[in-house]
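Numbered per the working numbering, the sequence shown spans residues 38 to 177.
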Amino acid sequence: DLDTALDMALAEIPTHGGAAEGVRFGRSIAGAPDAVTRLHRHYQQLTPLHAVNNLALVVWALCAHAGDFSATVGEAVAAGWDTDCNGATVGGLCALSGTPIDDRWTTPWQGRIGTRLAGHSELQLDNIVRRTVEIARTIA
């Protein structure tokens, strides 16, 4: 579960570093009605693309909306800073946790993704998943 995963993550990163502080801070403000304001105030000295403030935001969104994919992704993006990366990060972590993803997020894509790879403007998601699993099996 999320709390166990965060505890495990904290056990692996330096206790007094910015990353650990970001995880702890993001976790501590989950449920606070002014969480976004507190995030922005707490990290006002950092650039919008700094890793620590965005880590705190990701942890907050995951903790504040656990089990609700739409709310987690929506809040992570609406909170600002590195919106595309934060939305993708919380979305991926939600999916890994088994959080149900409403069809409205996936149906429009019809199993396709667009790319900017030369000669490959569109790829089939099933093929990418299959290839990724094959690669994972070879390195596991």
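Glycine included, each C-beta is placed from N, C-alpha and C at the ideal position.
When rounded, the separation of the alpha-carbon atoms in A173 and I150 is 21 angstroms. In chain order, A57, V60 and R61 place their CB closer than 8 angstroms to the CB of L47, counting only its own chain and leaving out the 5 sequence neighbours on each side.
If only complete runs of 3 or more residues are kept, the segment 125-176 shows the beta strand (DSSP E) at 149-154 and 157-161, in order along the chain.
Taking all protein chains in view, the Cβ of T74 is surrounded by fewer than 16 other Cβ atoms within 10 Å, so the residue is classified as exposed.
Put simply, the backbone Cα of G54 is about 43 angstroms away from that of G156. DSSP places L92 in the helix class (H, G or I) of the three-state scheme. Secondary structure note for D44: its alpha helix (DSSP H) is the uninterrupted segment L39 to E49.
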